[in-house]
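Student: Quick mapping for you: the protein sequence lines, in order, are chains A and B.
Per my numbering, residue 1 is the first one in the first sequence, and the count goes up by one each step.
Per my numbering, residue 1 is the first one in the second sequence, and the count goes up by one each step.
Using N, Cα and C, we set each Cβ at its ideal position, and we do this for glycine too.
Every value quoted in this text rests on a predicted model; they were computed, and no experiment measured them.
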Amino acid sequence: MKDKEIEQNTKTLKDNTENKDNKVRTIFDNPVYWLLFVLLIIVGVALASFINSIGEESEADEITRQYEEVEDELNALILNNEALLRQQKSLENNRRDLLNSLDLDDVGPELLAELDEARLLAGQEAVTGQGLIITLQDKEEFNPLTDSADALIHDGTITHVLNLLAGSGARAMSFNDIRITALPQIYCIGPTIRCFTRRMTPPYVILAIGPPEEMREALETDRYLQRITSIDVGVRLTIEEGQIIVPSFSEYDDYRKYITQLEVTRSED
Amino acid sequence: MKIKYGRSIFVIVVCVVLGVLLALQMTNLNRRSRSRDSLQELQNSVIEYQRKNQELDQRNNELYNYIRTLENELSGSEAGAIAKIIEEKENYAIFAGLRRVENEGVVISLSCKPPAKMRDSVLRQFTNELASLGAQAVSINGERKASTTEIRAIDDQILINGVRFDRSGIFEIKAIVDPDDINGYIIPYLENVKSVILQELTGENWTITIKHEDKVVIPALSEDRISYQKDLLLPVE
C-alpha cells in the first residue's frame with residue numbers, strides 16, 4: 001500500500017516537472033520574447049548612456065554653444081557679403097553707364113577703350129564665351145594604404161591643367177569660381193587645395209573660355225592626364241563644352257592689394 | 001487574444017522609446033563631433049569674411065565717390081573725371097602685367113649641362129611657388145607672366161608666351177615680392193624647393209642659384225603676345 005502511494009507520488013511529481021519544463025520551453029521558444037529581451041537590453045544601455053550624457057556638464061556643450069553662435073555669425077556675414085557684392089555690381093554698372101555718357105572731348109573714346117581693355121585683361125570683368133567646363137575629382141573611395149598619391153588631385157594637377165589650357169588658346173579661366181590672374185596662389189594644404197585664401201575641396205571645376213576643340217585636344221592628348229585618369233590610378237576627369245561665364249576677380253577680392261609692391265618704371269634702365 | 005494585443009503594444013512602446021533614445025543619442029554625438037578644431041576653422045572663416053566685407057565696403061564707398069565725380073563732371077560742376085579714369089586704368093594695367101615694374105625681389109637662375117635639358121615642369125614649379133609666396137610680378141627670360149601664359153617644352157625649346165627659348169640655355173626667373181619677407185622666409189623656402197628639385201634630378205648636372213636683389217625690373221607683357229588676346233571674350237552685361 002505504502003509502495004503504491006510512493007509510486008503514485010513519484011509519478012505526480014514527474015508529471016508536474018514535465019509540465020513545468022514544457023511551459024518554460026514554450027516561453028523561450030517564442031521569438032517575440034527573445035526580441036523583447038534584446039530590445040529591453042538595448043533600451044537599458046541607451047537609457048543609461050543618455051542619462052550619463054545629461055549628467056555631464058561637459059566641455060562639448062560649451063563648444064556646441066559657441067559653435068552655434070559662430071555659425072550664426074558666419075551666416076550673417078555671408079548674407080552681408082552677398083549684399084555687398086550685389087551693391088558692387090550695381091555700382092559698376094552705374095559707373096559704366098556714366099563713363100559711356102561722359103563727353104571727354106578728344107581723349108574720351110581712346111581713354112575709355114584703353115580702360116576697357118586693361119579691365120578685361122586684368123580679369124576685372126565677368127566674361128562670357130564658348131569654352132570648356134573641366135571637372136576633376138579624386139579617385140572614388142580613395143584608400144591611402146593601397147592607392148597611389150596620384151589618385152588625389154594636387155595643386156600641381158590644377159596648375160598643369162591651367163597651363164595646358166593657356167597653351168591651347170584659353171583667353172580667360174577660373175578655378176572653383178575664382179578668376180585666374182597672372183599669379184594665382186594655388187597650393188595644397190593637407191587634403192584640400194587653397195586658391196588665395198579660399199580652401200577648396202573636390203569637385204574642382206575649371207572654366208576656360210577659348211577654342212573648345214583645341215583645348216579639349218590638349219587635355220585629351222596630355223600624357224600626364226592620360227596616366228592619372230587611367231583605371232590604374234583612378235582620377236575622375238570630365239570635359240563639357242558650352243557657352244560659359246567666367247567670373248570677375250572682383251567677385252573674390254580687391255585686386256589692388258596684389259600690386260602694392262609694384263613701382264611702374266617707364267625708362268629702359 | 002488580450003495577451004496578444006498587450007504584447008504587441010508593449011513591443012511598439014519599447015521600439016518607440018528605443019527610437020527616441022537613439023535619436024537623442026545621435027544628436028549628442030553630432031554635437032560632440034563639433035570639436036575645437038572645427039570651431040577654430042569656423043572662427044577663421046568669420047575673420048576672413050569680416051575682412052572681406054570690410055574691404056568690399058571700402059571698395060563700394062570708393063566706387064560711390066568715383067561715380068559722384070563722374071556725375072559732377074557730367075553736370076559741369078567739377079572736373080577731375082579724367083584723372084580718376086587714368087588712375088583706374090593704370091591700376092588695372094599694372095595688375096594685368098601691362099606695365100614695366102620694378103622693386104626689391106628675387107632672381108632664380110637655372111641651367112643644366114647636356115645631355116640634360118631644361119624642364120618646363122621645373123620652371124612651372126618655381127613660378128607657382130613664387131605665386132604662392134605672394135609674388136606680385138614674375139618674368140621668365142624677360143617674358144612677363146600673365147593670366148594665360150603657358151610654359152611648355154616642345155622638343156629642344158621651351159615656349160613662354162609663344163616665344164621659344166633653347167632648353168640648353170640659362171633661364172632666369174625674376175620676381176617682385178614683399179621685401180620684408182625675402183631673407184627671413186622667401187629665400188629659405190625657395191632653397192628648400194631647390195634642394196627637393198635637385199634631389200629629384202640626381203644624376204643630371206643642374207645649377208640653380210637664388211639671389212636677393214634690391215632692384216628687380218620686370219618688363220611689361222608685349223602687345224603681340226598670345227596672352228594679350230581677348231578676341232573671344234564678351235563682357236557680361
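Along the beta strand (DSSP E) that carries B:E172, what are the first and last residues, could you check?
Tutor: 171-176
Student: Since B:K174 meets chain A, which of its residues come closer than 9 Å, beta carbon to beta carbon?
Tutor: Those do not exist, as B:K174 stays about 13 Å from chain A at its closest Cβ, beyond 9 Å.
Student: Any beta-carbon of chain A closer than 8 Å to the one on B:D57?
Tutor: B:D57 counts as touching chain A.
Student: Between which two residues does the alpha helix (DSSP H) holding B:E87 run?
Tutor: 81-96
Student: Let me see if you follow: with CB-CB separation under 8 Å, is A:D150 close to chain B or not?
Tutor: no
Student: Quick check on the burial criterion: 16 or more other C-beta atoms within 10 angstroms. Buried or exposed for B:Y49?
Tutor: buried
Student: Going by other Cβ atoms of all chains shown within 10 Å of its Cβ, with 16 needed for buried, is B:C128 buried or exposed?
Tutor: Cys is not the amino acid found at residue 128 of chain B; the sequence shown has Asn there. So B:N128 counts as buried.
Student: Determine which residues of the region 165-198 of chain B have a Cβ less than 8 Å from any Cβ of chain A, and write them out in chain order.
Tutor: I176, V177, D178, P179
Student: Report the three-state DSSP secondary structure of B:E104 (helix, strand or coil).
Tutor: strand
Student: Taking the alpha-carbon positions, what's the A:P31 to A:Q8 distance?
Tutor: 37 Å
Student: Give the DSSP-derived three-state secondary structure of A:Y252 in the structure shown.
Tutor: coil
Student: Helix or strand or just coil, what does DSSP make of A:M215?
Tutor: helix
Student: Is it the case that the CB of A:E240 approaches a heavy atom of the ligand NAP more closely than 7 Å?
Tutor: This structure lacks the ligand NAP; in fact it carries no ligand of any kind.
Student: Residues of chain B with CB closer than 9 Å to the CB of A:L270, please, in chain order.
Tutor: Because chain A is modelled from 1 through 269, residue 270 of chain A falls outside the range shown and cannot be assessed.
Student: With DSSP as the reference, identify every bridge partner of B:V14, one or two as the case may be.
Tutor: In the DSSP output, where bridge partners are listed per residue, B:V14 has none listed.
Student: Can you check which of these residues, A:G131, A:D29, A:S148, A:V43, is closest to B:L24 by C-alpha distance?
Tutor: A:V43
Student: Identify every residue that forms a DSSP beta bridge with B:W206.
Tutor: B:C112
Student: At which residues does the alpha helix (DSSP H) containing B:E129 begin and terminate?
Tutor: 120-132
Student: What residue range is occupied by the uninterrupted alpha helix (DSSP H) comprising A:G156?
Tutor: 155-167
Student: Quick one: grab the DSSP three-state call for B:S222.
Tutor: coil
Student: With DSSP run on the structure shown, which of helix, strand or coil describes A:D269?
Tutor: The predicted model places A:D269 with a pLDDT of 48, which falls under 50 and marks its position as unreliable, so this point remains unresolved.
Student: Pull out every residue of the region 147-159 of chain B whose Cβ sits closer than 8 Å to any Cβ of chain A, in chain order.
Tutor: S147, T148, T149, E150, I151, R152, L159
Student: If you compare alpha carbons, which of B:E223, B:K174, B:D155 is closest to B:S168?
Tutor: In terms of CA proximity to B:S168, B:D155 leads the group B:E223, B:K174, B:D155.
Student: 8 Å is my cut-off, CB to CB: does B:E73 come that close to chain A?
Tutor: yes
Student: Quick one: using the 10 Å Cβ neighbour count with 16 as the cut-off for buried, is A:I231 buried or exposed?
Tutor: exposed
Student: Should A:V127 be flagged as near chain B, meaning a C-beta pair shorter than 8 Å?
Tutor: yes
Student: Residues of chain A with CB closer than 7 Å to the CB of B:E48, please, in chain order.
Tutor: T197
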